[in-house]
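With my numbering as the guide, the letters of the sequence shown map in order to residues 646 to 889.
Shown next, in structure tokens, is the structure this report addresses.
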Amino acid sequence: MNALNTLARVVGALTLCALLVGAGLFACCLRPATSLIAQATSNYDDSPYSQEALVGLATLTRDYTVDGGERTAMLDTIAQAASDASPALKGAADKQTALASLGERYTLTDDALDHLDDVNRVIGATRIAFVVIGIACVAALAHVLVRCGKKSLSGVLMASGAAVIAVFALLALWVMIDFNEFFAAFHSLFFSAGTWTFSYDSLLICMYPPDFWISMGAVWLVTTLAGCLICLIIGRLLRKRSAA
């Protein structure tokens, strides 16, 4: 029984850490987060599109990537926006062909679309993983509460919150020292080399420039830290009650 209790505490702590990190990730995936951050960071200076158009396309691309969608429908919307930005497209009989000829500044190329599809697969797999992790976490924490008591549960909550804060502090330091290296290392965990790099003035990068991802990182950090603080507070309260 002692071994089972120890296992429950370890599983509870590890899965709770994962859920705290995941909470920040899924906050970044929310539609309002993309729209608001794109409004503040879109690089319309290097793009043929206006700021308003870039924000709209960034939100559209987020919907395709996160929620899944029809590629043709998205490209048709981009073609419509491009026809407003480029006189050469307005009279074109086949806007998609004309748009493709203008290149990555005006549209999402096959390489960009393939990358978005890769991201969609990662997000889909992450969703499934976190459902499983969430079930395991609830089961483990329930076991700790029932079999080990409030004091043990408080220890798991506080240890998880403190551990994630420590890891995120180190990651934040890395980002401040060298954001590009961190960004490359993060992408290398999920994507093959060369599949996620694009020109600075491409549509994809103008929608989502480095400042966009730095801001998304801040959303992730704040959301996860908020979850950690909740764990620390609840853990502290449980410890006080168990001692009473």
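We treat Cβ as the ideally placed atom computed from N, Cα and C, and that holds for glycine.
Check: Which runs of the alpha helix (DSSP H) fall wholly inside the region 764–826 and span at least 4 residues, in chain order?
Finding: Those alpha helix (DSSP H) runs which fall completely within the region 764–826 and span 4+ residues are 795–822.
Next item on the list: Output the boundary residues of the alpha helix (DSSP H) element that contains Leu-649.
Entry: Start at 1 with the first residue of the sequence shown, and residue 649 comes out as number 4. In the DSSP assignment, Leu-649 falls within the alpha helix (DSSP H) that extends over 647–673.
Check: Quick one: is Arg-716 buried, meaning 16 or more other Cβ sit within 10 Å of its Cβ, or exposed?
Finding: As a first step, residue 716 must be located in the sequence shown, where it is residue number 71. By the Cβ neighbour-count rule, Arg-716 is exposed, with fewer than 16 other Cβ atoms within 10 Å of its own.
Next item on the list: For Pro-677, count neighbouring Cβ atoms within 10 angstroms of its own Cβ and tell me buried if that reaches 16, exposed if not.
Entry: Mapped onto the sequence shown, residue 677 falls at position 32. Of the other Cβ atoms in all chains shown, fewer than 16 fall within 10 Å of the Cβ of Pro-677; this residue is therefore exposed.
Notebook entry, point to check: Going by other Cβ atoms of all chains shown within 10 Å of its Cβ, with 16 needed for buried, is Val-789 buried or exposed?
Noted result: For the purposes of this step, residue 789 is taken as residue 144 along the sequence shown, with counting starting at 1. Per the 10 Å Cβ criterion, buried.
Next item on the list: Starting from the N-terminal side, write out each stretch of the alpha helix (DSSP H) that is 4 residues or longer and does not extend beyond the region 684–720.
Entry: Within the region 684–720, the complete alpha helix (DSSP H) runs of at least 4 residues are 696–707.
Note to self: Within the continuous alpha helix (DSSP H) that includes Leu-848, where are the two ends?
What the structure shows: For the purposes of this step, residue 848 is taken as residue 203 along the sequence shown, with counting starting at 1. Here the alpha helix (DSSP H) through Leu-848 covers 848–852.
Check: In this structure, does DSSP put Leu-882 in helix, strand or coil?
Finding: Walking along the sequence shown from the start, residue 882 turns up at place 237. Note: Leu-882 maps to helix in three-state DSSP.
Checklist line | Helix, strand or coil at Ser-731 [DSSP, three-state] | finding: As a working note, residue 731 is residue 86 in the sequence shown. In the structure shown, Ser-731 sits in coil (DSSP, three-state: anything other than H, G, I, E or B).
Next item on the list: Measure from the alpha carbon of Gln-684 to the alpha carbon of each residue in Ala-785, Ile-768, Glu-697, Gly-713, then state which is nearest.
Entry: Taking the first residue of the sequence shown as position 1, residue 684 is located at position 39. Nearest neighbour of Gln-684 by Cα position, chosen from Ala-785, Ile-768, Glu-697, Gly-713, turns out to be Glu-697.
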